[in-house]
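Here's the structure, in structure tokens; my notes come after.
Protein chains: 2
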Amino acid sequence: MEFRTMILGHFLVISLALNAGLLYRDYCNGKHKSQDVFGFKNDCKNSSLVTKRDTHVAKRAFIESKAQSSSPPKALGEVIDLDHGDPTMYEKYWQQMGDKTTVVIPGWKFISYFSDIKNLCWFLEPEFANAVLRLHKLVGNAVTEDHYIVVGTGSTQLFQAVLYAVSPPNDSEPISVVSAAPFYSSYPLITEFLKSGLYKWAGDAHKFKKDKPYIELVTSPNNPDGLSREAVVNQNQGILIHDLAYYWPQYTSISSSPADHDIMLFTVSKSTGHAGTRLGWALVKDQEIAKKMTEFIVLSTIGVSKESQLRAAKILQVLSDSHEHRGNFKEGEAFFDHSYNLMAKRWNQLKDAVKKSKLFSLPEFPHGKCAFSGRTFASQPAFAWLKCEGETEDCESFLRDHKIITRSGKHFGESPKYVRISVLPRDEVFDQFTDRLSRITSS
Amino acid sequence: MEFRTMILGHFLVISLALNAGLLYRDYCNGKHKSQDVFGFKNDCKNSSLVTKRDTHVAKRAFIESKAQSSSPPKALGEVIDLDHGDPTMYEKYWQQMGDKTTVVIPGWKFISYFSDIKNLCWFLEPEFANAVLRLHKLVGNAVTEDHYIVVGTGSTQLFQAVLYAVSPPNDSEPISVVSAAPFYSSYPLITEFLKSGLYKWAGDAHKFKKDKPYIELVTSPNNPDGLSREAVVNQNQGILIHDLAYYWPQYTSISSSPADHDIMLFTVSKSTGHAGTRLGWALVKDQEIAKKMTEFIVLSTIGVSKESQLRAAKILQVLSDSHEHRGNFKEGEAFFDHSYNLMAKRWNQLKDAVKKSKLFSLPEFPHGKCAFSGRTFASQPAFAWLKCEGETEDCESFLRDHKIITRSGKHFGESPKYVRISVLPRDEVFDQFTDRLSRITSS
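Right under this line is the structure:
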């Protein structure tokens with residue numbers, strides 16, 4: 011197999027993978043022509059794609075591949091990829107923690123499918139469940155009383171489990187799934203990819219007018235724009251899914267009343283940064299929904315990796331320890347203090363760059379008092395929702411000309427004047443990015 | 011929440027979970043009335059279910075829960091559950107291996123989504139890929155040259171990834187999925203549960219006569235009956251999926267020519283016994299299919315737990331070491347020797363019990379020379395496909411009267427005179443089972 015084909019294939023997949031297939035368009039359709047992600051399969055599958063852009067692709071692969079190791083990628087190349095939200099920013103903190111979060115798993119453990127036969131979600135490891143309860147109690151971001159915990163292979167799987175669990179099984183047509191634009195670019199992809207007869211993507215919740223049952227996704231803080239959200243469809247036939255992946259005190263202020271919704275989704279990838287662990291959890295009020303979600307996860311993957319659960323349990327416990335037993339940690343090592351400070355630093359850096367450049371703008375976030383930390387601050391989200399001001403209509407192409415890879419607003423149901431940019435890469439990459447952005451002064 | 015409801019809910023889910031929903035029928039519909047698994051949701055969801063059988067359920071939960079620990083369950087209760095294939099038999103072997111397969115994972119590892127940016131399947135850990143290649147080379151059961159490795163959250167996820175990858179995306183009707191009866195009871199459930207417009211379950215491959223494209227599942231050795239299989243639909247429009255989960259030398263003789271099919275599925279749960287790890291792999295010839303499978307796994311779970319992959323890599327390497335570096339292991343500790351001997355012992359025990367009872371029969375397996383071990387032997391599968399001889403029509407109910415829980419043949423597209431019985435429980439449970447079976451001498 012040709013190496014070039016391989017690398018290209020890789021990027022095709024990653025791009026769809028990490029939510030929108032932006033990268034592939036470079037290689038398929040010319041630099042400035044954009045494609046709907048669903049156009050991917052038809053337009054980008056033939057071998058003629060392996061063409062002129064291979065050098066560029068190979069260079070990116072090299073950069074990314076190097077970025078996996080500890081060497082700073084700064085000197086290695088020019089393309090800065092902030093398309094996806096790979097939370098490598100957190101690596102340093104966990105390195106500092108040394109052996110505290112190291113897990114040791116003997117070979118005879120986790121032979122069985124079962125974790126806790128007495129639990130409705132029988133593949134949920136009790137240690138992980140306890141760590142989740144303790145964390146929510148510490149942070150105060152969500153009510154766990156009167157909720158079942160359902161563990162999933164990331165919140166991506168849990169989102170699908172909810173769709174399965176709440177869709178009427180025997181209706182003549184699939185139930186509509188909506189979310190207010192700008193919405194997470196993966197929602198439509200995931201809802202549509204199996205052409206399910208149970209549910210279908212129905213777009214922007216603001217535009218949903220049908221007098222029929224529907225599912226509304228409420229992501230708060232929102233991906234991509236970081237704003238706090240409430241449901242927007244004003245009807246009584248709706249089932250609400252609250253995706254609270256980013257509702258943690260490093261990103262936004264925690265309200266004095268913990269979230270108490272029927273269905274709430276969380277994930278370790280955005281709380282502790284362990285994206286490779288593929289682990290999320292849902293807090294679910296209704297027993298039947300929790301049962302059907304469990305059923306989905308069984309049919310989909312017969313449960314969830316015990317190794318991931320064991321490791322996440324350890325990491326979450328150390329995270330809680332870092333706040334509740336500060337004496338055992340160095341100054342500034344409490345997890346949410348450390349990550350809050352890092353996000354604050356990055357947002358200041360980003361705002362400075364935007365100010366210097368004069369070509370862009372960022373959302374304004376109201377200040378809120380955080381019931382967890384006591385700090386009053388404006389949100390400092392995991393993604394920046396950057397707007398190209400002036401005449402630039404395609405912000406993503408514009409930034410790509412400056413070798414900054416971002417995700418166009420249109421994948422989020424919004425204008426291409428916007429792009430989403432990850433604020434969670436490694437330090438070196440973020441510094442390089444803000445430096446370059448600040449120097450872009452003419453369109 | 012009431013404890014009784016909890017326990018019941020648990021069993022409802024587990025039963026569907028582990029392939030057929032046999033358990034739940036006890037509690038929903040009376041002891042002797044059976045239900046199609048799909049009837050589950052309608053018949054078994056109302057609260058009236060929490061009734062007379064709770065004591066029984068609680069007792070079973072207790073037994074199973076104790077069986078999770080190292081204490082033998084013999085004295086604890088009477089129900090022997092061999093419905094699902096939980097491979098706890100393997101626990102002892104891995105305990106004997108001591109620290110050899112212990113993995114240590116520091117907290118800063120596996121932050122990123124990416125494992126190997128250069129690989130088409132970019133979330134595949136190189137260590138796991140290497141361990142898989144080495145294992146197949148050692149055993150000689152499958153050709154890995156000219157195949158891509160796609161890793162999945164168990165072969166259950168990989169099976170769905172293949173369905174997605176090979177189904178025509180834009181056909182007016184879903185493609186038919188068939189498998190020769192008796193077929194694995196999860197195939198219809200998994201194929202149908204999302205009411206996909208891409209594919210649909212079309213039943214027994216022997217009865218498939220449409221002159222249209224189709225997908226045929228070839229499970230060899232077969233679950234439930236342990237027989238070696240080839241495709242049965244005699245048409246040229248078929249796409250074949252070979253599920254080789256049980257094609258390992260402890261269960262059956264390995265042919266002198268390694269399997270070299272287009273799409274082959276494997277899983278650690280049936281090779282090493284690590285079911286809780288939720289890890290499988292596919293060997294796939296066609297690049298486009300491998301790419302689309304990867305795409306499925308990204309949309310489904312954004313990759314596969316790195317912890318599971320790292321641990322499985324270690325376990326597979328030690329397994330290979332136990333054969334290739336025998337000097338470092340004690341006599342009889344080579345994995346496939348040990349597990350072959352254990353399976354041989356169990357099948358002798360089972361055949362003796364069947365002989366003593368006179369009410370049952372087992373399939374006849376031809377002898378074959380194993381190219382891996384050099385031994386000539388008849389298959390000794392992970393499941394026993396037991397037939398009630400004489401007038402007993404419902405073998406599952408009959409055995410349940412003797413407190414042996416099995417899975418009825420009808421869930422596998424076959425007669426209820428058959429049941430499938432796991433041969434992989436812990437020693438104590440298997441001994442108790444064969445002892446009890448041998449004493450059943452009148453219907």
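In the order they appear, the protein sequences are chains Z and B. Each residue of the first sequence is one higher than the last, beginning at 11 in our numbering. Each residue of the second sequence is one higher than the last, beginning at 11 in our numbering. No residue lacks a Cβ here, since even glycine has one placed at the ideal position from N, Cα and C.
Cβ atoms of residue j and residue i: under 7 Å apart, would you say?
i: A363/B; j: T416/B; result: no
i: P268/B; j: F393/B; result: no
i: T163/Z; j: T311/Z; result: yes
i: A1/Z; j: I299/Z; result: Given that chain Z is displayed from residue 11 to residue 453, the structure contains no residue 1/Z and the question cannot be resolved.
i: F345/Z; j: L369/Z; result: no
i: V429/B; j: W291/B; result: no
i: E226/B; j: L250/B; result: yes
i: V172/Z; j: D270/Z; result: no
i: L289/Z; j: V278/Z; result: yes
i: F218/B; j: V243/B; result: yes
i: P97/Z; j: L360/Z; result: no
i: Y224/Z; j: S186/Z; result: yes
i: E341/Z; j: S332/Z; result: no
i: W357/B; j: Q319/B; result: no
i: Y103/B; j: H348/B; result: yes
i: L168/B; j: L326/B; result: no
i: V142/B; j: R321/B; result: no
i: I431/B; j: L199/B; result: no
Among the options, which one has its Cα closest to the Cα of residue i?
i: T166/Z; options: K280/Z, E406/Z, R449/Z and E401/Z; result: K280/Z
i: S196/B; options: G95/B, G384/B and S318/B; result: G95/B
i: D411/B; options: F375/B, F169/B, D272/B and S453/B; result: S453/B
i: K147/Z; options: S318/Z, A191/Z and F382/Z; result: F382/Z
i: L447/Z; options: L434/Z, L396/Z, N244/Z and G419/Z; result: L396/Z
i: F375/Z; options: G117/Z, V439/Z, T304/Z and T262/Z; result: T262/Z
i: A255/Z; options: N232/Z, E240/Z and K427/Z; result: N232/Z
i: F203/B; options: P178/Z, H284/Z, K217/Z and Q247/Z; result: P178/Z
i: K420/B; options: S371/B, M99/B, T282/B and S407/B; result: S407/B
i: K5/Z; options: E183/B, S349/B and F193/B; result: One cannot answer for residue 5/Z here, as it falls past the ends of chain Z, which runs 11 to 453.
i: Y123/Z; options: W357/B, D437/B, D331/B and G283/B; result: G283/B
i: G400/Z; options: G117/Z, S371/Z, P259/Z and E305/Z; result: S371/Z
i: S315/Z; options: K413/B, I307/B and T287/B; result: T287/B
i: S238/B; options: I264/B, D221/B and E424/B; result: I264/B
i: Q245/B; options: P259/B, G236/B, I273/B and H216/B; result: H216/B
i: D272/Z; options: H252/Z, P259/Z, Y257/Z and Q260/Z; result: H252/Z
i: C398/Z; options: S418/Z, A139/Z and E438/Z; result: S418/Z
i: M353/Z; options: F133/Z, A241/Z, F387/Z and N180/Z; result: F387/Z
Going along chain Z in order, which residues have a C-beta closer than 7 Å to the C-beta of residue i?
i: A285/B; result: I121, S122 and Y123
i: M353/B; result: Those do not exist, as M353/B stays about 16 Å from chain Z at its closest Cβ, beyond 7 Å.
i: E101/B; result: W118 and I121
Check the Cβ of residue i against every Cβ in chain Z and list those closer than 8 Å, keeping chain order.
i: I325/B; result: G117
i: Y174/B; result: F203 and L204
i: Q167/B; result: S310 and T311
Note down, in chain order, every chain Z residue with its Cβ under 9 Å from the Cβ of residue i.
i: E98/B; result: The identity of residue 98/B in the sequence shown is Thr, whereas the question assumes Glu. Going along chain Z in sequence order, the residues near T98/B (Cβ under 9 Å) are I121 and S122.
For residue i, which residues in chain B fall below 8 Å Cβ to Cβ?
i: K110/Z; result: G117
Under 7 Å between beta-carbons, which chain B residues line up against residue i? List them in chain order, please.
i: M107/Z; result: G117
i: R10/Z; result: For chain Z, the structure presents residues 11 to 453; residue 10/Z sits outside this window and is missing.
At a CB-CB cut-off below 9 Å, which residues of chain B make contact with residue i?
i: W104/Z; result: P116, G117, W118, K119 and I121
- Message: Can you pull out the residues from the stretch 113–128 of chain Z whose beta carbon lies closer than 9 Å to at least one beta carbon of chain B?
- Response: Per Cβ criterion, the list reads V113, V114, I115, P116, G117, W118, K119, F120, I121, S122, Y123, F124, S125, D126, I127 and K128.
- Item | chain Z contacts from the stretch 195–218 of chain B (Cβ-Cβ distance under 7 Å) | Answer in chain order: L199, I200, F203, L204, K205, S206, G207 and L208.
- Message: List, from N- to C-terminal side, the alpha helix (DSSP H) runs of 4 residues or more that fit wholly inside the stretch 308–335 of chain B.
- Response: Here the runs fully enclosed are 316–334.
- Could you name the residues of the stretch 416–444 of chain Z whose beta carbon sits closer than 7 Å to any beta carbon of chain B, in the order they occur along the chain? Residues of the stretch 416–444 of chain Z with a C-beta atom less than 7 Å from some C-beta of chain B do not occur.
- Item | Inside the stretch 228–311 of chain Z only - beta strand (DSSP E) runs reaching at least 3 residues | Secondary structure remark: continuous beta strand (DSSP E) runs of at least 3 residues inside the stretch 228–311 of chain Z, in chain order: 248–253, 273–277 and 290–294.
- Message: Give me the subset of the stretch 309–321 of chain B whose CB atoms are less than 7 Å from a CB atom of chain Z, sorted by chain position.
- Response: Under the 7 Å Cβ criterion, the stretch 309–321 of chain B contributes L309, S310, T311, I312, G313, V314, S315, K316, E317, S318 and R321.
- Under 7 Å (Cβ pairs) to chain B, residues found in the stretch 146–164 of chain Z: Cβ contacts with chain B come from T163 and G164.
- Task: Tell me the start and end of each unbroken beta strand (DSSP E) in the stretch 173–212 of chain B that is at least 3 residues and wholly inside, in chain order.
- Result: List check, beta strand (DSSP E) in window: 185–189.
- Length-filtered (3 minimum) beta strand (DSSP E) runs lying within the stretch 123–152 of chain Z: Those beta strand (DSSP E) runs which fall completely within the stretch 123–152 of chain Z and span 3+ residues do not exist here.
- Using Cβ-Cβ distances below 8 Å, what residues of the stretch 388–413 of chain Z are close to chain B? Across the stretch 388–413 of chain Z, no CB contact with chain B closer than 8 Å is found for any residue.
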